[in-house]
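Student: Note that the protein sequences, when read in sequence, are chains B and U. Quick note: the first sequence, position 155, residue 154 per numbering that gives the first Met the number 0, numbers continuous. Quick note: the second sequence, position 67, residue 66 per numbering that gives the first Met the number 0, numbers continuous. Positions of the beta carbon are idealized from the N, C-alpha and C atoms, including for glycine.
Protein chains: 2
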Amino acid sequence: MLKRERQAYIVHQVNLHNKVLSTSLSSEIDVSEDTIRRDLQELSENGKLIKVHGGALSHSFHDITYPSKKVYAKNNKRIIAEKAVKLIKDGMFVLTGGGTTIIELARCLPLNLSATFISGSIPAVVEYMHHPNIDVIVIGDKLSKNSKITLGADALARIKTLKPDLCFLGINAIDIEHGITDNDWDVVQLKQSMIASSQKVICLTIAEKINTIQPIHVTDLSEIDILITELPNDHPILQPFVAAGITVM
Amino acid sequence: MLKRERQAYIVHQVNLHNKVLSTSLSSEIDVSEDTIRRDLQELSENGKLIKVHGGALSHSFHDITYPSKKVYAKNNKRIIAEKAVKLIKDGMFVLTGGGTTIIELARCLPLNLSATFISGSIPAVVEYMHHPNIDVIVIGDKLSKNSKITLGADALARIKTLKPDLCFLGINAIDIEHGITDNDWDVVQLKQSMIASSQKVICLTIAEKINTIQPIHVTDLSEIDILITELPNDHPILQPFVAAGITVM
DNA sequence: GCAGGTTTTGCAGGTTTTTACAAGGAATGT
DNA sequence: ACATTCCTTGTAAAAACCTGCAAAACCTGC
């Protein structure tokens, strides 16, 4: 990997996550920590980030006060994303929905991963677009301002023509009896279509949404292959899903 | 292998993979690394890529290149954008391409304008998305990393089904004799399709691109309705276009 | 066609950049 | 206070770079 390329990656990571650790960068990029330190030093001199003991912080981080609850939820999504990333292998076709968890997943994609991502979520597409080795296919249609994803007949039709290896879905409610539920008719249509097309369906959700119900039924648990939460996979709340034949991570 | 041929290959590789190594190019093309270095040097001076220690990076790594940009060009684009905005009326369907001028246009849209914008440019879509009263239709297809717009048969087919009121096109070269020209085959296809579909075609360009030529022909001047530059509309350089029947602003 | 100039390329040399490792000192956390 | 982690400094080797030069290929005007 080229030096400038590496530094661009570091700057990108800092801007996304507001902090980076020298150790994790070192193992991610596979260079010595000395090199990372020298990079951070240099980028710091150029004002790209703030170097601190153990890593670096983003400039915008300075202004941020500590809203402890928000940071907590974000960390959870980060944990989920890091588990999810492990499932993606080189060359795969991956279909993703929208939502903050999916964005976090997009930000955690390793630099050397080369795969094709398909999505109608504009924020997700923007993240994929910045990744050097990922091909992006945009699902077009009318853009929903709320969810920032494209919704409509065109999007549905396009998804029906695909057979992606994986489908990552951020979900709003999951329950052992009612399966996956949601509260937006058009989004539900889209999710159903995505589930039907994909070889393997992976649901991402924070634990607080487990055993909650929303008004519209998306799919039964039988259609779900993997469920990822921030909890360890032997947590009691997850056991009913394991019993239902879902792989829990 | 000829020098120009070799350099074209290098540019192609950079656009494809976002980076190239001097060593691998040297063995691929079977010339000395010195020659590759000289090529990279030259291409870098022509702005085709960014030369770095060990190889070169594509411009999409722009994050790392330190700010030495002239505000001059940006101000010009702002002037153009403000002229262009006046053409858009409530309820119109507007098709737009990509490029920095179009982004500037997107940022200048008045808050109370309610219209429908159609685009395959991700940065433009992001801008439209933040506007309260604008409906956005995203043109989907494979995302080109360089131009950050969707390109391909799907995009072309979708545009053919539309009949937008206006089409705003950022152009790279315009000449009284050769009309509009460009340098990317796929982008040209898209622009041609956009022009053919639209009721009214409005070209945006900074004055320095007037009377320049690029290798691929997009369209004749007869297809253009309005040309917008940062110059006053009685500027001598614009008069040939007025004489050709184009409204100049 | 051919003398005189330019362009292109590879090579030899010396210089700079980049990187990993090592060892001792500073910061951090329990 | 202690162990751990992280930082600094120095070193050395590899890689990449630059400079100048000369051979080859090429244009050009007569």
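Bridge partners for C166 (chain U) per DSSP, in chain order?
Tutor: Answer is U:L94 and U:V200.
Student: Does the contact criterion of 3 or more C-beta pairs under 8 Å hold for the stretch 42-56 of chain B versus the stretch 172-183 of chain B?
Tutor: These segments do not touch.
Student: Could you check the C-alpha separation between V30 (chain B) and L56 (chain B) for me, to the nearest Å?
Tutor: The straight-line gap from Cα to Cα measures roughly 20 Å.
Student: Taking its Cβ as the centre, do 16 or more other Cβ atoms sit within 10 Å of T160 (chain B), making it buried, or is it exposed?
Tutor: It is exposed - the Cβ of T160 (chain B) has fewer than 16 other Cβ atoms within 10 Å.
Student: CA-CA distance, Q6 (chain U) and D38 (chain U)?
Tutor: Roughly 6 Å separates the two Cα atoms.
Student: Where I223 (chain U) and P239 (chain U) are concerned, what is the direct C-alpha to C-alpha distance, given to the nearest angstrom?
Tutor: Distance between the alpha carbons of I223 (chain U) and P239 (chain U) is about 14 Å.
Student: Take every Cβ of the stretch 92-101 of chain B, pair it with every Cβ of the stretch 87-101 of chain U, and state whether three or more of those distances are shorter than 8 Å.
Tutor: Because the criterion of three Cβ pairs below 8 Å is not met, the stretch 92-101 of chain B and the stretch 87-101 of chain U do not touch.
Student: Whole angstroms are fine: how far does the CA of A114 (chain U) sit from the CA of V84 (chain U)?
Tutor: Distance between the alpha carbons of V84 (chain U) and A114 (chain U) is about 12 Å.
Student: Going along the chain, which residues of the stretch 15-32 of chain U sit with their C-beta nearer than 7 Å to a C-beta in chain B?
Tutor: Of all residues in the stretch 15-32 of chain U, N17 and K18 have a Cβ within less than 7 Å of some Cβ in chain B.
Student: Check whether the stretch 140-149 of chain U and the stretch 125-141 of chain B touch, using three or more Cβ-Cβ pairs below 8 Å as the test.
Tutor: The stretch 140-149 of chain U, when compared against the stretch 125-141 of chain B, does touch it at the 8 Å Cβ threshold.
Student: Return the bridge partner residues of S118 (chain U) from the DSSP annotation.
Tutor: Note: S118 (chain U) sits in a beta bridge opposite U:T95 and U:V137.
Student: Which residues, in order along the stretch 135-154 of chain B, keep a beta-carbon less than 8 Å from a beta-carbon of chain U?
Tutor: Answer set for the stretch 135-154 of chain B: V135, I136, V137, I138, G139, D140, K141, L142, K144, K147, T149, D153 and A154.
Student: Taking H58 (chain B) as the reference, give the member of B:H16, B:D219, B:K144 and B:S26 with the closest Cα.
Tutor: Per the Cα distances, B:H16.
Student: Please name the residue, chosen from B:L86, B:D181, B:I78 and B:K88, that lies closest to K208 (chain B) on a Cα-to-Cα basis.
Tutor: For K208 (chain B), the nearest C-alpha among the options comes from B:D181.
Student: Flag A114 (chain U) as yes if its beta-carbon sits less than 8 Å from any beta-carbon of chain B, otherwise no.
Tutor: No, no contact with chain B.
Student: Assuming L104 (chain U) and L155 (chain U) make a contact with CB atoms under 8 Å, what is their CB distance in whole Å?
Tutor: Incorrect: roughly 23 Å between the Cβ atoms, too far for contact.
Student: So A243 (chain B) is in the beta strand (DSSP E); what residue range does that whole segment cover?
Tutor: Neither: A243 (chain B) is in no beta strand (DSSP E) and is coded neither H nor E.
Student: In the structure shown, what three-state DSSP assignment does V30 (chain B) receive?
Tutor: It is coil, neither helix nor strand.
Student: By the 10 Å Cβ neighbour count, where 16 or more other Cβ atoms means buried, how is E126 (chain B) classified, buried or exposed?
Tutor: With 16 or more Cβ atoms within 10 Å of its Cβ, E126 (chain B) is classed as buried.
Student: Measure the alpha-carbon distance for I225 (chain B) versus V124 (chain B) and round it to whole angstroms.
Tutor: So the alpha carbons of these two residues sit roughly 23 Å apart.
Student: Consider the Cβ of K2 (chain B): report whether some Cβ of chain U lies at a distance smaller than 8 Å.
Tutor: Taking Cβ atoms only, chain U reaches closer than 8 Å to K2 (chain B), which makes this a yes.
Student: Can you list the residues of chain U that R157 (chain B) reaches, using a CB-CB cut of under 7 Å?
Tutor: Those within 7 Å of R157 (chain B) in chain U are G139.
Student: What does the alpha-carbon distance come out to for the pair M193 (chain U) and S25 (chain B)?
Tutor: One C-alpha to the other measures close to 47 Å.
Student: Hey, quick one: how far does the alpha helix (DSSP H) through H16 (chain U) stretch, first residue to last?
Tutor: Here the alpha helix (DSSP H) through H16 (chain U) covers K2 to H16.
Student: Would I201 (chain B) pass as a contact of L168 (chain B) if the rule is Cβ separation under 8 Å?
Tutor: Cβ distance < 8 Å, so I201 (chain B) and L168 (chain B) count as in contact.
Student: Kindly say whether M91 (chain U), judged by its beta-carbon, lies nearer than 8 Å to any beta-carbon of chain B.
Tutor: Cβ-Cβ to chain B under 8 Å: no for M91 (chain U).
Student: Near I245 (chain B), what residues of its chain come up, given a Cβ to Cβ distance below 8 Å and the 5 sequence neighbours on each side ignored?
Tutor: Excluding sequence neighbours, I245 (chain B) sits near L220, I223, D224, I225 and L226.
Student: Look at the alpha carbon of R157 (chain B) and the alpha carbon of Q40 (chain U), and state the distance between them as a whole number of angstroms.
Tutor: So the two alpha carbons sit approximately 44 Å from each other.
Student: In whole angstroms, what is the alpha-carbon distance linking K162 (chain B) and L112 (chain B)?
Tutor: Rounded to the nearest angstrom, the two C-alpha atoms are 20 Å apart.
Student: Is E229 (chain U) near the ligand MN, in the sense that its beta carbon is under 7 Å from a heavy atom of that ligand?
Tutor: As far as ligands go, the structure on display features none, and thus does not contain the ligand MN.
Student: Given a threshold of 16 other Cβ atoms within 10 Å of its Cβ, counted over all protein chains shown, does H129 (chain B) qualify as buried or as exposed?
Tutor: Buried, because 16 or more other Cβ atoms sit within 10 Å of the Cβ of H129 (chain B).
Student: Note down, in chain order, every chain B residue with its Cβ under 8 Å from the Cβ of G54 (chain U).
Tutor: Those are L1, listed as they occur along chain B.
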